[in-house]
Every structure is written in structure tokens, then in C-alpha cells.
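To keep things clear, I will list the structure first and then write my remarks on it.
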Amino acid sequence: MRSIMLATAAAAFAIAAPANADHHASGDHPADHGAKDHAMNMPLMEVLASETRAEDFGRDQYRNPMETLGFFQVEPQHTVVEYGPGGGWYTRVLAPYVAGTGQYIAVDGDTDQRSFRDAEAEAQSRSWPQRFPGIAAGWTGVDAAKIMAFESDELPEGIAGNVDRVLIFRSMHGLLNGNRADSELRNIRAMLADDGLVGVVQHRAKADQPYEMAMGTRGYLRQDDVIALFKAFGFELVDTSEVNANAADPADWEGGVWTLPPVLRYGDQDRAKYTAVGESDRMTLLFKKAD
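Reading the sequence shown from the start, the letters are residues -21 to -1, 1 to 270 in mature numbering (1 follows the signal peptide of the UniProt record, and there is no 0).
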């Protein structure tokens, strides 16, 4: 069964490459070479073919996990922080991938920097570090003892400053909307090793869209603005990739990025139209600590 799954996955990746070209910007972007070099990463391919991800397979064509993690230079021996893992789509890839020789760490924002609708919501947030390892173990089959979870300002001394990769998937707009980007980027820089890297995937507004369309309230941010934000907090851009680009997304939806799959906020209204567009256009950025 295992060999069949891997063979199926290899075929799927081979088929997906030309299919994804319709969603990606045309041309051979220099920054994509790292992703191409990882095209036959068998340990990662095995994780991506796992039955624990069966419900996630359909989104691989939009999220391109093989190419994205290749571009971010994520290796099985790394200590990897996933910032704001949410529903666990990437957790189901990352935790098994590094479970053998590395360390997966889920990190969420500092509760003290957030506001809550009620006491119950605050209690849920504060208990998240204790609850998440068990949740992730249920998703992935990885022993909960091998999964760590912390708030961003509470990493143990032995981990802070020793993280190889911090990965932030589609959540920069939330940090800006919550007025937490400054404190969280400082926390992220503090956890990163001197030679570590930060990988960012974020819904992308058009470069010429007005601020009202690109301030994050609709989920979209301008790429130059995100780069400038990281630069302001002690990071240097290493490279960019178009692996998660989608030229079919105009990024101007009245209902924001949630108009598109997977949310489809309008239900069956114009569903075929939004499904044809696919998931959002996304920037893919790689940063290091600035000197």
C-alpha cells in the first residue's frame, strides 16, 4: 500500500506541474530553483502521500507544499516553528516530516496582546499550548510528546534563538488587523537562529491597488508592504517565488479573499465562478535576520 501511495503521489506531482502553470505567473523565476531542486524529496513526498492528509489532497494544487517547503529550504532535521497553525493543513505536513530527527513547534500569538469577545474565548486561547499537542497528534499520528506548542513570547530558553525555520502561512493580515505585527515580528526574530530563515505565504493585493483594498481587512496585502514591514523589524529579504501565484485572482473581491475557495463565503451564489478562479494569488517570501 505504501509503495502504491508513493507512486500515485509521484504521478500526481508530475501531472500537477503543468496544471498549476495556469495559476502561476509565466516564466522561469530564478527564485523557484530551490523548489525545483526538491522535486524528488522522497521523505517529503511520502508525507504528502500519507492517508492522514487524504482530505487535504485537493488543496495541494493551490498550496504547492512540495515546492513551497523546498523554496523555504526546510529539512527533516530542522527545528521548525509553524506560526498560527489554525486548522492544521500544514501541521499535517510539517510535524511528520521533522518528527524523526527534527522538532515541530506550533506557536501562536501572545495572549496578552490580544482582545477577546468573552472570558471563555480568552480561556481557550490561554490553554491552547497545553491542548494543541494532543490535537496535532490526532491529526498526524505523531506522538504528542514530540510536538511542542507555545505562545510567541514564552519559548523556553533552549529553543529561543535556535529555531531553523519560522513559517507563516496566510496570517500576516491578521497580525496587522489586530495591531500585533510589531510585537509578533520581534518575538519571531528572537526565536530565530542566526542562520535561520522565515518563510511567508500571504494573500497578495495588486501592487497598484489603493490602501483600502490592501490594508489586510480583506485578507490581501501588497508584497512591497510586507517586505518593508519585515525590513523595519530587523529582517532582510533573501528571495521571492511565484510558486503560489494565481494570475486569475483580481484580488478585489467585495467579500475579500474569503469569497474564493476554500471558504466560498457566498455559498452557492456564483460558486462556479469563484471555483474557476481557485484559491487566492499569494506571495511567497523568504527572509533572514539582517546584520
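Ideal placement from N, C-alpha and C gives every residue a C-beta, glycine not left out.
Run through DSSP, which three-state label would residue i get?
i           : result
Y199        : coil
F129        : strand
R96         : coil
F214        : strand
residue 272 : Outside the modelled stretch of the chain, which goes from -21 to 270, sits residue 272, for which no answer is possible.
S162        : helix
S106        : helix
T219        : strand
A14         : Note that A14 scores a pLDDT of 48, beneath 50, so its modelled location is shaky; the value from the coordinates is reported in the next line. The answer is helix: DSSP assigns A14 an H, G or I state.
L208        : helix
G6          : Residue placement at G6 is poorly supported in this model, since its pLDDT is 40, which falls under 50; the coordinates still yield a value, given next. Correct three-state label for G6: coil.
V53         : coil
D1          : Note on D1: pLDDT 48, under 50, position unreliable in the model; no value is reported.
V236        : helix
I138        : coil
G178        : strand
Please list the terminal residues of the continuous alpha helix (DSSP H) segment that includes residue i.
i    : result
K267 : Here K267 belongs to no alpha helix (DSSP H); instead the beta strand (DSSP E) covers 261 to 268.
T47  : 44 to 50
Q26  : Note that residue 26 corresponds to Val in the displayed sequence, not to Gln. Start and end: 21 to 27.
H152 : 151 to 156
T70  : 70 to 77
Hey, out of the options, whose CA is closest to residue i's CA?
i    : options                : result
T219 : A74, A255, L48         : L48
F214 : R168, G257, E233, D249 : R168
D161 : D231, W118, V121, L208 : L208
D143 : T238, E61, G235        : E61
E46  : E233, Q248, D249, V222 : V222
G120 : A102, A78, E101, K252  : A78
D174 : R250, G65, V53, Q188   : V53
K268 : E258, F212, N225, E233 : F212
Confirm, please, whether the CB-CB distance from residue j to residue i is below 8 Å.
i           : j    : result
M262        : R183 : yes
V205        : D228 : no
residue 296 : P55  : There is no way to answer for residue 296, as the model of the chain reaches only from -21 to 270.
V177        : F111 : no
D203        : A230 : no
I138        : V179 : no
D91         : S131 : no
A122        : A116 : The amino acid occupying residue 122 in the given sequence is Asp; Ala does not appear at that position. Contact: yes.
L200        : M170 : no
L155        : G195 : yes
What are the start and end residues of the beta strand (DSSP E) that includes residue i?
i    : result
E143 : Checking the displayed sequence, the identity of residue 143 turns out to be Asp instead of Glu. That run of the beta strand (DSSP E) goes 142 to 148.
E61  : 58 to 62
Tell me whether residue i counts as near the ligand FAD, meaning its Cβ is closer than 7 Å to at least one heavy atom of that ligand.
i   : result
G63 : As for the ligand FAD, it is missing from this structure, which has no ligand bound.
message = Can you confirm whether the stretch 126 to 134 touches the stretch 69 to 88 when touching is taken to mean that 3 or more C-beta pairs between the two stretches lie within less than 8 Å?
response = With the cut-off at 8 Å, the stretch 69 to 88 and the stretch 126 to 134 touch.
request  = Could you say if the stretch 28 to 39 and the stretch 66 to 83 meet the contact criterion of at least three C-beta pairs nearer than 8 Å?
outcome  = The count of Cβ pairs closer than 8 Å, one atom from the stretch 28 to 39 and one from the stretch 66 to 83, reaches three, so the stretches are in contact.
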